[in-house]
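Residue numbering for the sequence shown follows my numbering, starting at 408 and increasing by one per position.
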Amino acid sequence: MRYVVRLVALVGMGLVFIPSAWAQAGKIAGRVTDASTGEPLPGVNVVVVGSTQGSTTDVDGYYNILNVPPGTYRLRASFIGFTPQVVEDVRVNIDLTTTINFALQEEVIQGEEVVVTAQRPVVQPDLSASMASVTAEKIEQLPVSSVTAVVGLQAGIQGLSVRGSGADELAFNLNGLTLRDERDNTPYTSISLASVQEVQVQTGGFNAEYGNVRSGVINVVTKEGTASRYEVDAILRYSPPAQKHFGPPANDPNSYWIRPFLDPEVAWTGTKNGAWDQATQDQYPEFDGWIAESEKRLNDDDPTNDLSPQALQEAFRWQFRKEMEIVEPDYVVDVGVGGPVPLVSSRLGNARFYAAYREDQEMYLIPLSRDRYKDRSGHLKLTSDIGPGMKLSLEALLGQTTGTASSRSGQPGIFRSAFSIASQMDRVSFIDTRIFSTDYWAPTTVRRNMQGAKFTHALDANTYYEVRLTRFESRYDTNPGRPRDNTPVVFFGGVGFDEAPFGFEDEPTNAVTGMRTGVGMSNARDTSRVTVWNLKGDFTRQVNRFLQVKTGLEYNLTDSKVRYGRFDAFLPSSNLVSQWDRQPTRGAAYAQGKLEFQGMIANLGLRLDYFRAGGTWYDIEDDPFSPGFRSPAALDTLLGGEPTRAVVSLSPRLGVSFPVTSFSKLFVNYGHFRAIPNPNDLFLVEYFPQTGQLSQLADPNNPLPKTIAYELGYEHALFDQFLVRAAGYYKDVSFQPRLVNYISRDGQVDYFVSEPLSYEDIRGFELTLARNRGRWIQGFVNYTYMVFTSGYFGFRQVNENPTVQRQFEESDAERRAASSRPVPQPYGRLNIDVLVPPRIGPEVAGVHPLANWRLSFIGRWQKGSAFTWTGGGSIPGIVNNVRFRDSYALDLRVTRDFDLGNARVQFFMDVNNLLNRKEMSFSGMVDGNDYLAYMRSLHLPASDAYGNIPGNDKPGDYREYDVPFVPIDPVTTRSQVGSPDPTRIYYERDSGQYLEYVDGAWQQVPSDRMKQILEDKAYIDMPNMSYFTFLNPRDVYFGLRLNF
């Protein structure tokens, strides 16, 4: 009865929070022998010190301790007549076996205890896949501030893309629960670093217990708190306000959108008045001058816009007044508190808690409808040993993310990085509006909450089961921000001007330059709400010392109420509505076994998955040109619909690891993996509300996207210090959704439908060298070589008219080139930790000033991506013939620890882009001509594919801001130049000479001058909007971490 009371009381406490968190665990196993004879000792008591977990050795001296949370422990073996032995620093990792053997000596002195330190193997023998486990201690040393950054350092991973696959194919688990927002299937990763116990990253060979995953598994285990004491871990990172690009800002007087209107040489009479040479004119927009602009207004029929040239310029200053300077800091506040539940801990089974809060602020590259990205999350975990062998955990996670929506059609996405903003300013329309107004993109808020409970019951030393119930909800709110106040606030030349371009305005208005300040603003709308319920049960038994079996059942119900779209009150013809209200269900059953025999490990599993979208759907295959596909209303009245089909799949999983020598192993794994596609490909009905025309339709009856993955790897220990891992992989990806356009003979039916026609082949090789032990130097280096091929079956357009369809198929160049030519994409990472041990160097006032320092470097390299350049046109057969310049980055963390007895204080400094290296973002190009001007100015290696001047440049090379532009034009021969420009240099191909036209005659450019021009790359015509060209200059964070 007291167990029931404890259960009810603890659940009552957790109702405010509840969550989804059931810590994944590992196993400790080994053998106990008599140190003098080597004979096994049966009946020895082996326990995890400070816990209730333990086991007794069998007749052969073997023991197993199951379901041990990841962490570092002390293990104690005791037996009558023998001296007890304690092994310290026993490290347990998720889903792995830690082997600890004891050799007990006969007791000589009563009460004596032998203490030894566990030696961790460099090569983990029971691991049959590529996996990395990163402890809280290691995370503390790295110049990172998020779980995502920790994950991104591993081989085969870029951001949250694992081995070339998207983040929506990833399983991101917190304490065993997959944190996936089923609005778009992306993982939710806002987890407090202060609460993290361990992060495990697996890029292949997942066991059968993992479902709805195709690329990688990330397991995050958080701290549980202790019942004996309180603990606090607080982290503060602060970066003073600073711009997030190199060079002057967008509102600088000499910037692209400002100089023609303020420079006295051209502002009054225009950029073509002769004051600027042609090269300068090419760097700015053409402008007729304020005098001409004033005359246009004075001569039109609108008396309300009559302004003098001076008044127009003042109005321009007002309408382009947006402040670009960043005046607030970036920061991270991350605090965790844990310990016994006050007052009632002992009465509720040693109830303990761990609570964490994280707040992350990042200012935007330029202010948008909001000027910053801000993320807040809180996490609470309650744990109780409610009875012998019984453990109950309750968890809650609350999160809120605010910022500016990156989509203008209501799709999920929030601007965050400098590049995410700059990339939206490249070769698109209304760039001036995007920069200088506030509401081109709508503000957005996403709220998420998670609740769950996990009950674990150990039936005996070799058997336990777990039951988990969780709920995850996400709510989206994307709508226009504050309406514009149309009341005049300033007057120029007697004409009033309101606060434009600030505030939301859906009526057509323009600035004095023609910049749009109304209409087409904040078009995105999203009021979606998605709730996911998950029930899962697992049963684990250690059958004998060789075999562990695990089986389980899972049920998932999603309540998906989605409504989003694009809305413009003034231009309703472009409005789109996308909506659905569905309750899809998923179920799964799995069984897996782990065989361990003399160093050989085999993980065998089989998973059965069931999915049904629910409700009814339309038969697209029967007649895709039916009039029923004209509109959503016609869908229901003419087609009616049939119950959606159940999709059932069987997925085998296999992983084997066996020793080659005592310090090396070979591993291989194979598996079938399926995952639910993006909900847009399952439930979407998109239409134009003004006309009722159907635009896009999903198909929930399609087979689930499938990945068949293979991996072969080898690990080797060098000098008992270094781990060398080499792994090759291949992924066969099929049944991926692709949009196909169906067009009826009369054109009345014209819509897109999602069909499973896309495929990918991804193969690669990874090499890692790591050292996680050593007094002075630790770290790792990894290299990834990946080749990606993709394509699709069928045609992207299907016409009911066979003649039109035949013409389309004959001209479908995209179809013929759909199977992309394989292009290698190698990259690498480096981490070097330099440690200064405690109590080293001279002592000053009881302190060793040279001790306890740590320098952690993270280096990144990536091969420049390949693309096609043929001088501005296209040449059949030439694809991916040039590469961007390789990119490099180096970050640094410097830390100094102070041990204050019961507390530890750490001061640290993180420096991102330590070398202040510039990497071209390839954003900031106003239009296609701006791009062509840059590319044509490069001196690329000689090729028949383009007409560039020959040289050693690569796309990504650049001219410094303070180097004057010296244009060089290639010509076949000087006689072709009809009107030579004295301000330009000409490269004559026939002679290979650099020429200039001086005093009416051609001459060679002096060699010293030409050498300097080439060294400075003064000839490169840089993108016109320089403030988007180079992003992320050196950024310094100052930090403090306090543990007690």
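Ideal Cβ placement from N, Cα and C applies to all residues, glycine included. Quick caveat, the model's predicted, so the values are computed rather than measured.
Problem set entry | Proximity winner among 630, 1062 and 1019, relative to residue 1052 (alpha-carbon distances) | 1019
Exercise. Excluding sequence positions up to five away, which residues of its chain have a Cβ less than 6 angstroms from the Cβ of residue 672?
Worked result: 682
For this session: Can you tell me which of the three DSSP states residue 580 falls into?
Result: strand
Exercise. Just the Cα atoms here: how many angstroms apart are residue 705 and residue 843?
Worked result: 27 angstroms
Exercise. When we look at the beta-carbon of residue 1104 and count the other beta-carbons within 10 Å, is it buried (16 or more) or exposed?
Worked result: buried
Exercise. Over what stretch of residues does the beta strand (DSSP E) that includes residue 603 continue unbroken?
Worked result: 603 to 609
For this session: Assign residue 1113 to one of three DSSP states: helix, strand, or coil.
Result: strand
Exercise. Taking buried to mean at least 16 other C-beta atoms within 10 Å of its own C-beta, is residue 1218 buried or exposed?
Worked result: exposed
Exercise. With burial defined as no fewer than 16 other Cβ atoms inside 10 Å of the residue's Cβ, what is the status of residue 855: buried or exposed?
Worked result: buried
For this session: Please confirm whether residue 761 and residue 788 have their CB atoms less than 8 angstroms apart.
Result: yes
Problem set entry | Inter-residue spacing [alpha-carbon to alpha-carbon] between residue 1353 and residue 1295 | 28 angstroms
For this session: Reducing DSSP to helix, strand and coil, say where residue 946 ends up.
Result: strand
Exercise. With a CB to CB cut of under 8 angstroms and the five nearest residues on each side skipped, what residues in its chain are close to residue 1431?
Worked result: 663, 690, 691, 1331, 1332, 1333 and 1337
For this session: In the DSSP assignment, find the unbroken alpha helix (DSSP H) run with residue 1331 in it and report its ends.
Result: Residue 1331 -> no alpha helix (DSSP H), and no H or E assigned at all.
For this session: Pick helix, strand or coil for residue 1415, following the three-state DSSP scheme.
Result: helix
For this session: For residue 1405, count neighbouring Cβ atoms within 10 angstroms of its own Cβ and tell me buried if that reaches 16, exposed if not.
Result: exposed
For this session: At 3 residues or longer, and completely inside the region 1053 to 1119: list those beta strand (DSSP E) runs for me, N to C.
Result: 1054 to 1068, 1071 to 1081, 1092 to 1094 and 1101 to 1104
For this session: Starting from the C-beta of residue 988, find all residues in its chain whose C-beta is less than 8 angstroms away, skip the five residues before and the five after it, and write them out in chain order.
Result: 967, 968 and 969
Exercise. Should residue 1397 be labelled buried (16 or more other beta-carbon atoms within 10 Å of its own) or exposed?
Worked result: exposed
Exercise. From this set, 498, 879, 807 and 460, which residue's C-alpha is nearest residue 590's C-alpha?
Worked result: 879
Exercise. How long is the line joining the alpha carbons of residue 641 and residue 1257, rounded to whole angstroms?
Worked result: 25 angstroms
For this session: Determine the closest residue to residue 697 out of 708, 684, 666 and 858, with distance taken between C-alpha atoms.
Result: 666
For this session: Would you list, in sequence order, the uninterrupted beta strand (DSSP E) runs of no fewer than 3 residues that lie entirely inside the region 783 to 820?
Result: 797 to 811
Problem set entry | residue 828 versus residue 807: straight-line alpha-carbon distance, rounded | 21 angstroms
Exercise. When you compare only the Cα positions, how much space is there between residue 1351 and residue 1366?
Worked result: 26 angstroms
For this session: Taking all protein chains shown into account, decide if residue 1411 is buried (16 or more other Cβ within 10 angstroms of its Cβ) or exposed.
Result: exposed
Problem set entry | Supposed close pair residue 1161, residue 1032 - CB separation, criterion 8 angstroms | Not confirmed; about 17 angstroms, so no contact.
Exercise. By how many angstroms is the C-alpha of residue 479 removed from the C-alpha of residue 1364?
Worked result: 49 angstroms
Exercise. When burial is assigned at 16 or more other CB atoms within 10 Å of the CB, is residue 407 buried or exposed?
Worked result: No statement about residue 407 is possible, as the shown extent of the chain runs from 408 to 1451 and does not include it.
Exercise. Between which two residues does the beta strand (DSSP E) carrying residue 498 extend?
Worked result: 489 to 499
For this session: Look up residue 485 in the DSSP assignment and give the residues it is bridged to.
Result: 452
Problem set entry | For residue 1420, the three-state DSSP class (helix, strand or coil) | helix
For this session: State yes or no: is the C-beta of residue 961 nearer than 7 angstroms to some heavy atom of the ligand PLP?
Result: Among the components modelled here there is no ligand, and therefore nothing to report on the ligand PLP.
Exercise. In angstroms, rounded to a whole number, what distance separates the CA positions of residue 1434 and residue 610?
Worked result: 37 angstroms
Problem set entry | Sheet register partners of residue 1327 (DSSP bridge) | 1437
Exercise. What does residue 877 pair with, by DSSP beta-bridge criteria?
Worked result: 859 and 941
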